[in-house]
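Below you'll find the structure, written out as structure tokens, and then a few comments.
Residue numbers (this note's numbering): 87 to 234.
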């Protein structure tokens, strides 16, 4: 069974959707990765929120940004898939939907991401190429990558 994809502005999210998105991000970026950091960075309010629902639960999420917010180009961030569903390869679907969302909502093809280094091959499979040296963000190795 496939996910039902939705893209909403911050203001259009229901309270329950916002709660479920933030819970999912906390489960992955704070608990699973054992990283204490402030997830609520102020950018949620200016992002489009792409999320996938499965059997009524949000199991995948990414933030989409127009150019000039996170990078000079449009960007995708906070890419998350519930650990219980990663065996279904929905991360690939999430990125395809995110790339299509950037194009349809912002008219942009050039996308920059700040990727965790261990996911380099995953993002390369989506057409991204490394454009920076490794850097630490919240003590996790990252690289910048671009899709042109």
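Yeah, the Cβ is synthetic: ideal placement off N, Cα and C, and Gly gets one too.
Residue 233 sits away from residue 155, with the two beta carbons spaced by 8 Å or more. Around the Cβ of residue 180, a 10 Å sphere holds 16 or more other Cβ atoms; the residue is buried. The criterion of a C-beta distance shorter than 8 Å is satisfied by residue 160 and residue 192.
Here residue 220 has 203, 227, 228 and 229 as same chain residues with Cβ atoms under 8 Å from its own Cβ, once five neighbours each way along the sequence are excluded. Contact check for residue 138 against residue 89 passes: the beta carbons are separated by less than 8 Å. Around residue 211, the same chain offers 178 as residues with beta carbons nearer than 8 Å, after the five sequence neighbours per side are excluded. Per DSSP, residue 211 is not a residue of any beta strand (DSSP E), being assigned neither H nor E.
Burial state of residue 147 is buried, judged by a 10 Å Cβ sphere holding 16 or more other Cβ atoms. When DSSP reads this structure, residue 135 sits in a beta bridge with 94 and 149.
Straight-line measurement puts the Cα of residue 206 at about 23 Å from the Cα of residue 122.
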